[in-house]
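2 protein chains.
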Amino acid sequence: MKKSALQQARAAYRPQMPIVLTGAVKVVEGKPTQSVADQEAIKQLFPNTYGLPEITFEKVSVSEPSKPINVGVILSGGQAPGGHNVISGLFDGIKTINKDSRLYGFLMGPGGLVDHKYKELTADIIDEYRNTGGFDIIGSGRTKLETKEQFDKGLEILRELDIKALVIIGGDDSNTNAAILAEYYKAIDAGVQVIGVPKTIDGDLKNEVIETSFGFDTATKVYSEVIGNIQRDCNSAKKYWHFIKLMGRSASHIALECALQCQPNICIISEEVEAKNMTLDQVVDEIAQAVADRAAQGDNYGVVLIPEGLIEFIPAVKALIAELNDLLAAKADEFAALAPKDQRQWVIEHLSEENAKTYASLPEGVARQLTLDRDPHGNVQVSLIETEKLLSEMVGKRLKEMAEAGKYNGKYSTMHHFFGYEGRCADPSNFDANYCYGLGFTAACLIAAGVTGYMSSLRNLTFAPVNWVAGGIPITMMMNMERRHGEMKPVIQKALVDLDGAPFRKFVKEREGWKKNTCYTYPGPIQYFGPAEVADQPSMTLVYEQKNRKY
Amino acid sequence: MKKSALQQARAAYRPQMPIVLTGAVKVVEGKPTQSVADQEAIKQLFPNTYGLPEITFEKVSVSEPSKPINVGVILSGGQAPGGHNVISGLFDGIKTINKDSRLYGFLMGPGGLVDHKYKELTADIIDEYRNTGGFDIIGSGRTKLETKEQFDKGLEILRELDIKALVIIGGDDSNTNAAILAEYYKAIDAGVQVIGVPKTIDGDLKNEVIETSFGFDTATKVYSEVIGNIQRDCNSAKKYWHFIKLMGRSASHIALECALQCQPNICIISEEVEAKNMTLDQVVDEIAQAVADRAAQGDNYGVVLIPEGLIEFIPAVKALIAELNDLLAAKADEFAALAPKDQRQWVIEHLSEENAKTYASLPEGVARQLTLDRDPHGNVQVSLIETEKLLSEMVGKRLKEMAEAGKYNGKYSTMHHFFGYEGRCADPSNFDANYCYGLGFTAACLIAAGVTGYMSSLRNLTFAPVNWVAGGIPITMMMNMERRHGEMKPVIQKALVDLDGAPFRKFVKEREGWKKNTCYTYPGPIQYFGPAEVADQPSMTLVYEQKNRKY
Numbered sequence: 100m101k102k103s104a105l106q107q108a109r110a111a112y113r114p115q116m117p118i119v120l121t122g123a124v125k126v127v128e129g130k131p132t133q134s135v136a137d138q139e140a141i142k143q144l145f146p147n148t149y150g151l152p153e154i155t156f157e158k159v160s161v162s163e164p165s166k167p168i169n170v171g172v173i174l175s176g177g178q179a180p181g182g183h184n185v186i187s188g189l190f191d192g193i194k195t196i197n198k199d200s201r202l203y204g205f206l207m208g209p210g211g212l213v214d215h216k217y218k219e220l221t222a223d224i225i226d227e228y229r230n231t232g233g234f235d236i237i238g239s240g241r242t243k244l245e246t247k248e249q250f251d252k253g254l255e256i257l258r259e260l261d262i263k264a265l266v267i268i269g270g271d272d273s274n275t276n277a278a279i280l281a282e283y284y285k286a287i288d289a290g291v292q293v294i295g296v297p298k299t300i301d302g303d304l305k306n307e308v309i310e311t312s313f314g315f316d317t318a319t320k321v322y323s324e325v326i327g328n329i330q331r332d333c334n335s336a337k338k339y340w341h342f343i344k345l346m347g348r349s350a351s352h353i354a355l356e357c358a359l360q361c362q363p364n365i366c367i368i369s370e371e372v373e374a375k376n377m378t379l380d381q382v383v384d385e386i387a388q389a390v391a392d393r394a395a396q397g398d399n400y401g402v403v404l405i406p407e408g409l410i411e412f413i414p415a416v417k418a419l420i421a422e423l424n425d426l427l428a429a430k431a432d433e434f435a436a437l438a439p440k441d442q443r444q445w446v447i448e449h450l451s452e453e454n455a456k457t458y459a460s461l462p463e464g465v466a467r468q469l470t471l472d473r474d475p476h477g478n479v480q481v482s483l484i485e486t487e488k489l490l491s492e493m494v495g496k497r498l499k500e501m502a503e504a505g506k507y508n509g510k511y512s513t514m515h516h517f518f519g520y521e522g523r524c525a526d527p528s529n530f531d532a533n534y535c536y537g538l539g540f541t542a543a544c545l546i547a548a549g550v551t552g553y554m555s556s557l558r559n560l561t562f563a564p565v566n567w568v569a570g571g572i573p574i575t576m577m578m579n580m581e582r583r584h585g586e587m588k589p590v591i592q593k594a595l596v597d598l599d600g601a602p603f604r605k606f607v608k609e610r611e612g613w614k615k616n617t618c619y620t621y622p623g624p625i626q627y628f629g630p631a632e633v634a635d636q637p638s639m640t641l642v643y644e645q646k647n648r649k650y
Numbered sequence: 100m101k102k103s104a105l106q107q108a109r110a111a112y113r114p115q116m117p118i119v120l121t122g123a124v125k126v127v128e129g130k131p132t133q134s135v136a137d138q139e140a141i142k143q144l145f146p147n148t149y150g151l152p153e154i155t156f157e158k159v160s161v162s163e164p165s166k167p168i169n170v171g172v173i174l175s176g177g178q179a180p181g182g183h184n185v186i187s188g189l190f191d192g193i194k195t196i197n198k199d200s201r202l203y204g205f206l207m208g209p210g211g212l213v214d215h216k217y218k219e220l221t222a223d224i225i226d227e228y229r230n231t232g233g234f235d236i237i238g239s240g241r242t243k244l245e246t247k248e249q250f251d252k253g254l255e256i257l258r259e260l261d262i263k264a265l266v267i268i269g270g271d272d273s274n275t276n277a278a279i280l281a282e283y284y285k286a287i288d289a290g291v292q293v294i295g296v297p298k299t300i301d302g303d304l305k306n307e308v309i310e311t312s313f314g315f316d317t318a319t320k321v322y323s324e325v326i327g328n329i330q331r332d333c334n335s336a337k338k339y340w341h342f343i344k345l346m347g348r349s350a351s352h353i354a355l356e357c358a359l360q361c362q363p364n365i366c367i368i369s370e371e372v373e374a375k376n377m378t379l380d381q382v383v384d385e386i387a388q389a390v391a392d393r394a395a396q397g398d399n400y401g402v403v404l405i406p407e408g409l410i411e412f413i414p415a416v417k418a419l420i421a422e423l424n425d426l427l428a429a430k431a432d433e434f435a436a437l438a439p440k441d442q443r444q445w446v447i448e449h450l451s452e453e454n455a456k457t458y459a460s461l462p463e464g465v466a467r468q469l470t471l472d473r474d475p476h477g478n479v480q481v482s483l484i485e486t487e488k489l490l491s492e493m494v495g496k497r498l499k500e501m502a503e504a505g506k507y508n509g510k511y512s513t514m515h516h517f518f519g520y521e522g523r524c525a526d527p528s529n530f531d532a533n534y535c536y537g538l539g540f541t542a543a544c545l546i547a548a549g550v551t552g553y554m555s556s557l558r559n560l561t562f563a564p565v566n567w568v569a570g571g572i573p574i575t576m577m578m579n580m581e582r583r584h585g586e587m588k589p590v591i592q593k594a595l596v597d598l599d600g601a602p603f604r605k606f607v608k609e610r611e612g613w614k615k616n617t618c619y620t621y622p623g624p625i626q627y628f629g630p631a632e633v634a635d636q637p638s639m640t641l642v643y644e645q646k647n648r649k650y
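Protein sequences, first through last, are from chains A and B. Anchor point for the first sequence: position 501 equals 600 in our numbering, and the numbering is continuous, going up by one each time. Anchor point for the second sequence: position 476 equals 575 in our numbering, and the numbering is continuous, going up by one each time.
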C-alpha cells in the first residue's frame, strides 16, 4: 500500500489517553440501573443482563497478573471515522492485560462471525491502520445478528478460536443485537462476553450516559469544510442558491452541527418540521420567502442545508407514502395497465383528498419516481428522492407565482450537492482518534472485568482526554420497547434532535440573522497538527450540550 | 464576520517569499521574445507590446526612493484559491514602493471597471483576507473586456482615481484581454500599465515560462481529499462503483492530478480519448471490461474519475452535437410540433447515418436532454449532461449484454459525485498562499519597473519559495491565432494535457495496476501546519513536469 505523506505522518500520532487507563485499574460499581422505559418488559427479555450497575474504572498502583485472553471484533453497518482506532485501542488493551492475548477480526461485518470468516489481527497489521479512516482492516457489513441459529453458528467459531469476548462496533441496531447476544450467551452459559462500542456518523446513538457516538465529529467536520468552501464560492460569485443535502435519514444532528459550524442562510431540521406538523408546501414557502427577502436587498444567492431524511419527517408526505404503498399494492395490475401519461391522474383520483393534494403538489418527476421505483416489497423508495432538487424546483415554482403577484423580483439559479460518502471514511480528527482509541482500550478493561452486555463508555468529553472518565454502561439501560415490522421489540432508544436542547436553541436564536444577512463561517479542513484550538476541538453539538452541565 | 478557529490561526501565516523580493530589486532584461506561433499576425496586432524581453528581478543593496503609485485590481472569471493573497501581496508590494501608494479594487469582475464600481482596499480590509479562500474581498465576474468603448469607459475612472497601473487576475481569456488592453492604452498613450496574473483551477494556463496557474494546487488537493475518502469507503464496503466527475471542461489536468494523488481504478483523460479518436462506446467498453475483470476476481467495486469536459472531446459526440445544432435550428418548427414520444425517432431519421448511430446509442434521458435543453442561441447545452450518470448507465447496459454472453458475472451498483464548487474557494494551501502572495508582490515590482502587457511570473516552483525566480513575461509571447466565433483572434494558447509529458506518462505506466488491483492512496485534507512533507508539497503534476528539467 503506497501511503500519502499525511498517512505516514499520521501513523506516528499517539492518541491521548484518559489518565485512569495509563496503568492498572480497579472496577467501581455504581447503583443498579433501569431501562429508560418499559422496565418490566425489558427485564423479562433480559433476565441475566438487566439491572446491572454502571461501571467506572479507577487507577490503582498495583496490577494483578492476568491470563491471556482471546477476543473477537466485528465492524457492523456503515463506516464511521475512527473504527480502526477502536480496534487498535482494543488490541493494545488486551496486550496490556497479557502480551499473549490474541485479537481476531471477523470479516465484512457480523456475517463473518456466522460464516466463520476471520483473520487474526497481529501487531504488524494493526500498525498499518492506526489513526486511519475506513473500515477496510476487516471490512464491514449489514447482516443483522438476530436469530438463535446465527448465535449458535457464531459460538462454534468462537469456541474453535477460544475466544472469550466479542466486541461489536456498531450503531443502535447493532448494539441492540449485541445486548441480545450477550443475554443469550449468558443464558446458555457460553462463556463469551459481549461488549458494544457506540458508532455512527449520524449522532443518533447518544443519551444521558453515552455522550456521543464516534465518527460524528470527523464526518461533520468534513461536511462543514466543503459547505464552508461552497459558501465562500457563493459569497464571491453572488449568483447561485446552493441546495446541499446531508447524509442522515433518521435524525438531523449532522445538519444541525454543520449549521452551527458554517452559519448558512437556511438549515431545515426534520424534527422541527415534524413537531410543527408542517406540510411540504410550508417548508417550500419558508425557503421561497427567504429567497425573496434576500432578493429584495439585492442578494440573489444563498445556501440551504437539508437533512437526507426530511421527506420522511413531513407528516403529510408520510401519510401520502403510506397510502400510496397500500394503493399500488392493492391495484398493481390496474396501475400497470395504464399508459404512463394517464398514471398521474389515476393516482390523484384514487387517493384520499388530503393525500391527493400533497401528491398533486409534487413536481412531476418526483411524483413519477414515487409510483415507479419501488423496492422488492412494492414499497416506495423514499431514499431515491433527490430532496435537494425537489425542494429547489418547488421553490422555483413558488417564486414564479410570487413574481406574478409582484412579491418577488430577483434571479434564481440553483446548484445541488449531496455529501455523505465524503465523510464516512475520513482520517479521524484528533478528537475521534483519541475517543475511539480510548473506547477500544476501555472495552479491553471491561473484558478484563469479566462483564457482559455493556457498552464501552468515555465521559466528560469536552474536557482534555486526560480527564475523561472511562467505564461501561449496561446496554439494557438505554432500551425501550418499540414496534418494528408489526412486533414489539426491545431496542436502544434513538436520539433525535432535542428541540429543547442547547444546540437547537442556539441555532434558533441565530437563524433569523443568518437568513437575512450573510454570516457564513468557513471552518476549513480538519487539521491534525497546529494549535489546539484548531486541531483538538470537539463538535459544537457536544460543546453546547455540556455547557451548562453540572459535574 | 465570525471567524472559525482555523481562519483566526491562518490569518497569522506569513507567506514565504523569494529572497529576491525581500529587499530592493533591479530589472534584468532577457532577449526579445516571439509569440509561440503566428508571429507576424500577432506582431501586427500588438505593434507597441510585441517582442518585449522577459524580465527577471535581482536583489540590490541600495533602493532608490520611489513616488507613490495608485493601482487598480480586478478578479476575473471563476474563483480560485489564493486570489486574496495575490491582492495582499500586491498591496504590500506597492506599499513597499511607497507607503502612500493606494490600491483600488474594481467590484464583481471586469464589469466594475466599466461601470465605475470600486472600493479602496486599505490595510484593515486587506488584513481581514490574508491567506483566505474565495474572491469575496471585491467579488468576481465574467464580463469580457474586449471593446474600445469598454476600454475608454474604464480609462475615465482610472484617470479619476489617478490609477497608473491595472492588475488583472484571470485565466487565459482574461489575460488575452489584458494584453489587448495593455496594447490599446499604450497606443493611445493613456499612461496606464496593465499586468496579468495567471489564475485558474483548471491548470490550462501554463507554458514554457508560466509553470502553473494559481489555485490548481489547492483545488486538486481538496478534490483528492474527498476522492480518497470515497475510495476508503469503497474499499471498506466493497459494494459500489463510484463515478466521480471533476470540474474542468477544457482540459483534464485536474482529473490527472487527482489520479496521481489517489490512484483510482480508472481515470479518463479527455485529451487521450480525442487523440485516439475514441467513440463513446469504446470509452464505455473500456470501463465495462475493467468492471468485469475486477468482478472475476471477486471485487465488485471501484472508483472512476471523469473530467467534466469528456463529452466534448469525443469526436463522434462533437460531430453529433454540431449536426444537432444545425438540424434543430433549420427545422425548429417541425421539431416543436412533434409529440415528445415521436421526437427521438424523428431525430434519428433526420441525422446522417454516423451521427444517428451515436444518437441512438445514448440513454434516452440524455438524448432527450440534448434536444430539449438548449441555450438562448439554440445550441445544445453540453454542460448540463451528467456525464458521470451517462457513463455509469451505459456501462450497466453493456454489462447486461456481457452477462448474457457469459462474459460477466458480478454485481454492479453505482454512486455518483461531482466535485467542483467544493474546491474553488478553499483556503489556499501553503504552496498557493506563497505562490499567490509572491505573484502579487511581483506584479508590484513590474509596475515599479514601468512595463506593460506583462504577466507576473514566479519560476522554479518545486524548489523552496526562497529560491523562486521572480519576473515578468510578455503576454504576447504566449499567443497564437485561433478561430473564435468564425473569426481569427489572437489568444493565449491553452495548455491541454500533454500526452508525451511526464505526468501523463507516469499515469500510463501505473494505470493497469491500479485498474486491476486496489492501490488507493488517501491524501487526506490539506494541512496548513505540521511537517513540510505534509504541508508544503506542490502538485504532483508540477513535480513530474520538473523532475527532469535542466537548470
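The C-beta atom is built at its ideal place from N, Cα and C for all residues, glycine as well. In this text the structure is predicted, and so the values were computed from the model without any measurement.
Pairing G623/A with D392/B, the inter-Cα distance amounts to about 39 Å.
In chain order, K320 and S528 place their CB closer than 6 Å to the CB of I625/A, counting only its own chain and leaving out the 5 sequence neighbours on each side. Bounds of any beta strand (DSSP E) do not take in R229/B, whose DSSP letter is neither H nor E. Within the region 573–606 of chain A, contact with chain B at the beta-carbon level (separation under 9 Å) is assigned to no residue. Close partners of V633/A in chain B (Cβ separation under 9 Å): S103, A104, L105, Q107, A108, R109, Y627 and F628.
The C-alpha of K488/B lies about 22 Å from the C-alpha of P439/B.
Identification of residues in the region 232–245 of chain B having a C-beta nearer than 7 Å to some C-beta of chain A yields G232, G233, F234, D235, G238 and S239, given in sequence order. Interface residue (Cβ-Cβ distance to chain B less than 9 Å): I224/A is not classified as such. In chain order, N399 place their CB closer than 6 Å to the CB of K510/B, counting only its own chain and leaving out the 5 sequence neighbours on each side.
Look at the region 193–232 of chain A and you find these whole runs of beta strand (DSSP E), each 3 residues long or longer: 201–205 and 217–219. Under the three-state reduction of DSSP, F234/A is assigned to coil, being neither helix nor strand.
Taking 9 Å as the cut-off, the Cβ atoms of A318/B and A525/B count as close. DSSP, reduced to helix, strand and coil, places I186/B within a helical segment of the structure shown.
The Cβ atoms of A277/B and I572/B do not sit closer than 9 Å to each other. N424/A: member of the alpha helix (DSSP H) spanning P414 to A429, first to last residue.
DSSP, read as helix, strand or coil, puts T319/B in helix. Exposure of S512/A is indicated by the presence of fewer than 16 other C-beta atoms within 10 angstroms of its C-beta. Annotation: the continuous beta strand (DSSP E) that includes K158/A extends over P152 to K158. Interface criterion not met: the Cβ of S482/A is under 9 Å from no Cβ in chain B.
Looking at K125/B, D261/B, G208/B and G295/B, the one whose alpha-carbon comes closest to that of I591/B is G295/B. The C-beta of C535/A comes no closer than 9 Å to any C-beta of chain B. Of the candidates S335/B, Q178/B, V308/B and I410/B, the residue whose Cα lies closest to the Cα of G129/B is V308/B.
Considering only V161/A, R109/A, I173/A and E452/A, the residue with the shortest C-alpha distance to V293/A is I173/A. Measuring C-alpha to C-alpha distances from E500/A to each of Q362/A, D384/A, M377/A and G232/A identifies D384/A as the nearest.
Within chain B, Y520 have C-beta atoms less than 8 Å from the C-beta of M514/A, given in sequence order. For a Cβ distance threshold of 7 Å, residue set Q178, G233, F234, D235, G238, S239 and C524 of chain B lies close to S335/A, ordered along the chain. The beta-bridge partner set that DSSP reports for R583/A consists of E586/A.
Of the other Cβ atoms in all chains shown, 16 or more fall within 10 Å of the Cβ of A350/A; this residue is therefore buried.
The region 633–644 of chain A makes no contact with the region 116–125 of chain B, as fewer than three CB pairs between them are under 8 Å. No residue range can be given for M116/A, since it is assigned to no beta strand (DSSP E) and is classified by DSSP as neither H nor E.
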